[in-house]
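Just so it is clear: in the sequence shown, position 9 is 9 by my numbering, and no numbers are missing.
Below is one structure; the comments refer to it alone.
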Amino acid sequence: METLRFTALVMIAVATAPVASVAEVQMLTWAGGGADDTCVADTEKIVEWWDAYRAKSPEYTIVWHYTELPDRWRAVMETGTDPLTGEHINVLYVPGGWHPERYWHFDWIKDLYHAQIDLGIGYVGICAGAYLHAGDLEYAPGNPGSQDVFVDGVTVIDGMEGPDRICHVLILPHNPLTPPYTWNRVYWYKYWNGPGFGPENGDVYDAKDGYWYKITNIEGKEVMIKIWPVGQYEDVCSGWAIVAGQYFVREGDKWVPRGRFVLFGPHPELTDREGAHALLAKAILWAAGVNIQPLLSAEENEEESKRNTSASHAGEVPTVPPAPPVVPKPHVQVRTPSIHVDVVTPAVIATLLTLVLPENVKAGLVAGDPLNPVFDAIAGFLQKIGIPVTGTDLAFGTAMTVFLTVVEALWDVLNAI
Numbered sequence: 001m002e003t004l005r006f007t008a009l010v011m012i013a014v015a016t017a018p019v020a021s022v023a024e025v026q027m028l029t030w031a032g033g034g035a036d037d038t039c040v041a042d043t044e045k046i047v048e049w050w051d052a053y054r055a056k057s058p059e060y061t062i063v064w065h066y067t068e069l070p071d072r073w074r075a076v077m078e079t080g081t082d083p084l085t086g087e088h089i090n091v092l093y094v095p096g097g098w099h100p101e102r103y104w105h106f107d108w109i110k111d112l113y114h115a116q117i118d119l120g121i122g123y124v125g126i127c128a129g130a131y132l133h134a135g136d137l138e139y140a141p142g143n144p145g146s147q148d149v150f151v152d153g154v155t156v157i158d159g160m161e162g163p164d165r166i167c168h169v170l171i172l173p174h175n176p177l178t179p180p181y182t183w184n185r186v187y188w189y190k191y192w193n194g195p196g197f198g199p200e201n202g203d204v205y206d207a208k209d210g211y212w213y214k215i216t217n218i219e220g221k222e223v224m225i226k227i228w229p230v231g232q233y234e235d236v237c238s239g240w241a242i243v244a245g246q247y248f249v250r251e252g253d254k255w256v257p258r259g260r261f262v263l264f265g266p267h268p269e270l271t272d273r274e275g276a277h278a279l280l281a282k283a284i285l286w287a288a289g290v291n292i293q294p295l296l297s298a299e300e301n302e303e304e305s306k307r308n309t310s311a312s313h314a315g316e317v318p319t320v321p322p323a324p325p326v327v328p329k330p331h332v333q334v335r336t337p338s339i340h341v342d343v344v345t346p347a348v349i350a351t352l353l354t355l356v357l358p359e360n361v362k363a364g365l366v367a368g369d370p371l372n373p374v375f376d377a378i379a380g381f382l383q384k385i386g387i388p389v390t391g392t393d394l395a396f397g398t399a400m401t402v403f404l405t406v407v408e409a410l411w412d413v414l415n416a417i
């Protein structure tokens with residue numbers, strides 16, 4: 001359906017779409033291959049809830065868009081404008097799932113740098129979307145930084161600690177997303193194999209202001225990246241659980257602010273707690289460049305927050321900047337890889353082998369198969385209706401299909417470990 005709409009409306013939309021209100025945040029969600037349907041649907045519900053009950057004014061309103069089309073996703077990364085609606089997109093949102101980047105058949109790393117550093121578009125990633133931005137495309141946290149393909153000041157140091165779990169996250173002081181009364185308190189979140197983060201090589205900790213920063217060269221530009229750890233895992237996983245960051249580009253003697261990003265290891269959209277839902281909405285607004293300080297200074301539902309915190313942590317605001325967080329060493333773990341079984345390709349290869357191999361070779365390979373009488377009976381029936389096939393052909397073709405499918409699955413496992 002979206003493909004038809006995209007094909008039919010793209011030219012009209014670009015030419016005639018009304019100018020979007022600058023007070024609204026336009027967010028485009030990746031909902032195609034590799035995106036989990038539940039994560040997408042629950043995020044949409046949170047946006048609707050936020051707009052209806054918590055936004056309060058237009059500048060805090062989030063407008064939901066989604067796409068399953070790589071070409072539309074790429075167009076937004078390259079131009080900042082949605083070719084279907086004509087809207088300027090403020091935030092790219094990549095939900096949980098499994099390797100969405102495998103469905104983007106273009107240089108998404110270069111395009112994402114362009115979107116964030118040149119166009120100033122924000123990014124919010126949860127679980128798979130966080131692995132992606134943190135540069136871990138192998139989901140192999142036992143070897144931190146070795147597969148870091150995207151420079152954002154953050155790397156993956158842990159993760160893949162199991163599905164459908166509850167984790168506890170300590171909210172860290174001086175972060176830009178949560179009000180002071182949440183600092184040094186523990187909140188629970190749904191965890192589903194998400195990453196734990198740490199600083200990239202070359203990051204420096206600013207003890208005065210409580211953030212990490214890194215100055216590097218990206219796509220020919222001198223770039224500074226600031227990183228604010230928002231939450232740290234207390235259990236289940238290691239490292240930072242939630243991270244906020246922003247790119248800055250040097251222009252003369254000034255650092256010009258560009259795109260922001262927020263990465264979640266756990267799933268706020270799957271967490272049955274309004275505070276988690278509000279944090280996700282505020283993360284989207286912050287990533288879009290919205291000043292959310294009024295939301296933090298006039299935060300509602302503090303009692304709801306207290307009910308969902310751990311009694312083991314007082315809500316005291318520290319009087320001195322925190323010391324650099326201790327980034328735990330990751331542990332090597334055995335994890336269950338995802339196996340993608342493709343039966344069609346083995347079946348085609350087996351059929352070709354059945355057609356070209358001599359009859360005596362095929363008969364020798366399936367000799368002693370206890371299912372031979374069954375295949376002979378099936379072949380007899382097929383011959384009666386005009387299909388010239390032998391029991392040996394059926395036995396050989398079936399055996400080869402099974403064998404090749406098993407080999408393919410084992411190969412997938414070996415490449416995923």
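For every residue, glycine included, the Cβ atom is placed at its ideal position computed from N, Cα and C.
Restricting attention to beta strand (DSSP E) runs no shorter than 3 residues, the region 30-99 encloses them at 61-67, 91-94, ordered along the chain.
By the beta-carbon neighbour count (other beta carbons within 10 angstroms, threshold 16), residue 87 is buried.
Check the Cα spacing between residue 379 and each of 345, 367, 395, 368: the tightest is with 395. For residue 121, the three-state secondary structure derived from DSSP is coil. The criterion of a C-beta distance shorter than 7 Å is satisfied by residue 223 and residue 247. Contact between residue 58 and residue 104 is absent: CB atoms are separated by about 32 Å, not below the 8 Å threshold. For residue 30 against residue 94, the beta-carbon gap comes to about 5 Å, under 8 Å, which counts as contact. Closest in C-alpha terms to residue 98, from the list 36, 56, 92, comes 36.
Cβ contact annotation for residue 281 (same chain, cutoff 6 Å, sequence separation greater than five): 50, in chain order. For secondary structure counted as the beta strand (DSSP E) over 3 or more consecutive residues, the region 186-246 holds these complete runs in sequence order: 186-191, 196-199, 204-206, 211-218, 221-233. Judged by pairs of C-beta atoms under 8 Å, the region 169-188 does not touch the region 118-125, as fewer than three such pairs exist. In this structure residue 185 is buried. Its beta-carbon is surrounded by 16 or more other beta-carbon atoms within 10 angstroms. For the set 264, 216, 245, the Cα lying nearest the Cα of residue 239 is the one of 264.
Burial state of residue 158 is buried, judged by a 10 Å Cβ sphere holding 16 or more other Cβ atoms.
Annotation for residue 371: no beta strand (DSSP E) segment contains it, and DSSP assigns it neither H nor E.
At a Cβ-Cβ threshold of 7 Å, residue 195 and residue 130 count as neighbours.
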